[in-house]
Amino acid sequence: MRRSRALLLLAAYLICRAALGAALNPLDNGPDEAAHVEYVRAIAHDPTARATGVESRQLPTYYLLAAIPWRLTDGASEPTRIFAVRLLSALCGAATLALIWLAALVLWPGRMAPAATAAGMALAPGHLFLLGSVSNDPLATTLASGSFLAALQLWVGGPGPARSRWSAAWMLMSAGALLVKPTALPVVAGAAAGLVYRFRRPVWAHWSARLVLLAAAVAAVAGNVYLAAQEPTSGALPALARFWPMAVLRAPVAYIGNGGLAESFRTWWYGYDYLVRWPVMVEALLAVSAGLLTVAVTAGLALRGLPRAGWGSGGLAVPGIVWWCAASQVAFLLARYGLGDVLRIEMGGAAQAKAFFAGIAPLALLWSAGLVAAGAQLRLPEREVARGALAWL
């Protein structure tokens, strides 16, 4: 009962906070919100319609769902209709929080404080700001988090009667996430790579699995060669195939040197609304406090030797699949930013914190494990760490 009550309180706070943002944020204030609203408006009246704005390349999955509250508010003012669609984002955020909570309890059964700390990552200010806008990112994040939870169950459970159910859930959630927004691919691919590595012996024992893996590798190489032979100006994929090695090498330097890292940090923690300008002293205090917590998490992960499992009763084991998924999402953002730098394309959107949100579940688990480990160095109980983190958020 205590567990469910704590989860309900966190989810209720998130919904209220996101709904408040949905009511108070000016129209078109969210990331590319005007283009998302245009797409919703078009598809609500014609399911085969496509938007013409900056979101015209997006898949229609989210917009078909968002068209439901739009049509249900026929006759209302446009702000009212947009508010109704924004609430869909808020509900997706609550689902994401619950999935992070469940993933934490899969890893650390019975330890409610670290689960609450991890779920608190859904309350990150940049995430809450996104949940108060019309966007396909919250739905993609929810489905990607569900995919991660299923993959985590497969990892910790191993072979057994429940494996087929979790395998089906993983494939279903992964497909749903990719059909909403392909930028969820890194966390899905990271989970797939991690599971193949963990179960490499039983997988490799079957000739059919070896054939599938070999065919996938050949297809990837052949596809890259074919696309690289096309004119880079003909589309994003030919450009990626041609320049990805250079982009990978350039990405870390460009991301740090060109301000991508600073923008990601700001938009995640306190600079999420570009219409808001904090006083210098306030922004400095916010930056320092967020920076100190980030350093604490990093130090905690390093000092406790993660991802090695178990160091007595106080440690939080973090299995490899969490690292696979988190690293894949971070690598995607870096590579995308590096490609923009190589092609001299403005990649401000890629530098924003929302590029991390598809991998928020594994990142939240690392956040919790790092904070608990740092708190242990200061002799702080897990419950006090959770209270402090949630109060700060």
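According to the working numbering, the sequence shown is numbered sequentially starting from 835. Think of the CB as a built atom: it goes at the ideal place given N, C-alpha and C, for glycine as much as any other residue. Computed from a prediction, not measured in an experiment: that's the story for all the values here.
Problem - Which of helix, strand or coil DSSP assigns to Leu844 - result: helix
Practice task
Can you tell me the Cβ-Cβ gap for Gly991 and Ile1155, rounded? I've got them flagged as a contact below 8 Å.
Solution key: The C-beta distance from Gly991 to Ile1155 rounds to 12 Å, too long to fall under 8 Å, and the pair is not in contact.
Given 8 Å as the limit, is there contact between the region 899-911 and the region 861-880, that is, 3 or more CB pairs closer than that?
The region 899-911 and the region 861-880 touch, with no fewer than 3 CB-CB distances between them shorter than 8 Å.
request  = Note down, in chain order, each residue of its chain lying with its Cβ closer than 8 Å to the Cβ of Ala1165, except the 5 sequence neighbours on either side.
outcome  = Pro1020
By Cβ distance, which residues of its chain are closer than 8 Å to Glu1117, with the 5 residues on each side in sequence left out?
Tyr1104 and Gly1105
Worksheet entry | Rounded C-alpha distance that separates Ser1068 from Tyr896 | 27 Å
- Task: Figure out for me which residue from Leu1013, Leu1012 and Leu983 has the closest Cα to the Cα of Ala1003.
- Result: Leu983
ask   = Less than 7 Å separating the beta-carbons of Ala953 and Leu973?
value = no
Going along the chain, which unbroken runs of the beta strand (DSSP E) with 3 or more residues stay wholly within the region 1079-1123? none
Find out if the Cβ-Cβ distance for the pair Ala1198, Leu1150 is shorter than 7 Å. no
- Coarse secondary structure for Pro1153, derived from DSSP in three states: coil
Close Cβ partners of Leu936 (< 7 Å) along its chain, the five nearest in sequence each way excluded
Leu983
Any chance the region 1204-1223 sits against the region 1046-1060, with 3 or more Cβ pairs inside 8 Å?
Counting C-beta pairs with one atom in each stretch, the region 1204-1223 and the region 1046-1060 have fewer than three that are closer than 8 Å, which means they do not touch.
Would you identify the three-state DSSP class for Ser1008, choosing helix, strand or coil? helix
So, helix, strand or coil for Thr907, using DSSP?
coil
Residue range of the unbroken alpha helix (DSSP H) whose run includes Glu889: No alpha helix (DSSP H) holds Glu889; DSSP gives it neither H nor E.
Please say whether Glu867 and Val968 have beta carbons closer to each other than 7 Å? yes
Exposed unless 16 or more other CB atoms sit within 10 angstroms - verdict on Ile1194
For Ile1194, the number of other beta carbons within 10 angstroms of its own is at least 16, and it is reported as buried.
Self-check item: Segment contact flag, the region 839-858 with the region 916-926, C-beta cutoff 8 Å, min 3 pairs
Solution: With a cut-off of 8 Å, the region 916-926 and the region 839-858 count as touching, because enough Cβ pairs lie within range.
query: Between Leu898 and the rest of its own chain, which residues show a CB-CB distance below 7 Å, the 5 nearest in sequence each way excluded?
result: Ile877 and Pro881
Between Val1082, Thr951, Leu933 and Ala1169, which has its C-alpha nearest Leu1224's C-alpha? Thr951
| Using DSSP with H/G/I as helix, E/B as strand and the rest coil, what is Pro881? | coil
Around the C-beta of Thr1017, are 16 or more other C-beta atoms found within 10 angstroms, so that it is buried, or is it exposed? buried
- Might you give, ordered along the chain, the residues of its own chain that have their beta carbon closer than 7 Å to the beta carbon of Trp1158, omitting 5 neighbours on each side? Gly1024, Ala1025, Ala1027 and Gly1028
Practice item. Look at the alpha carbon of Glu1216 and the alpha carbon of Ala949, and state the distance between them as a whole number of angstroms. Key: 10 Å
Between Ala900 and Val874, is the Cβ-Cβ spacing less than 7 Å? yes
- Query: Between which two residues does the alpha helix (DSSP H) containing Gly1057 stretch?
  - Reply: For Gly1057, the enclosing alpha helix (DSSP H) covers residues Trp1041 to Ala1062.
Going straight from the alpha carbon of Ala1073 to that of Met1005, what length do you get?
29 Å
Item to complete: Could you confirm whether any beta carbon from chain C is found closer than 7 Å to the beta carbon of Ile849?
Response: Included in the structure is just one protein chain, with no chain C present.
| said: Taking the beta carbon of Gln987 as the centre, do at least 16 other beta carbons fall within 10 Å, making it buried, or is it exposed? | reply: buried
Inset, instruction - May I have the straight-line CA-CA distance separating Gly944 from Pro1036, to the nearest angstrom? - result: Roughly 31 Å between the two C-alpha positions.
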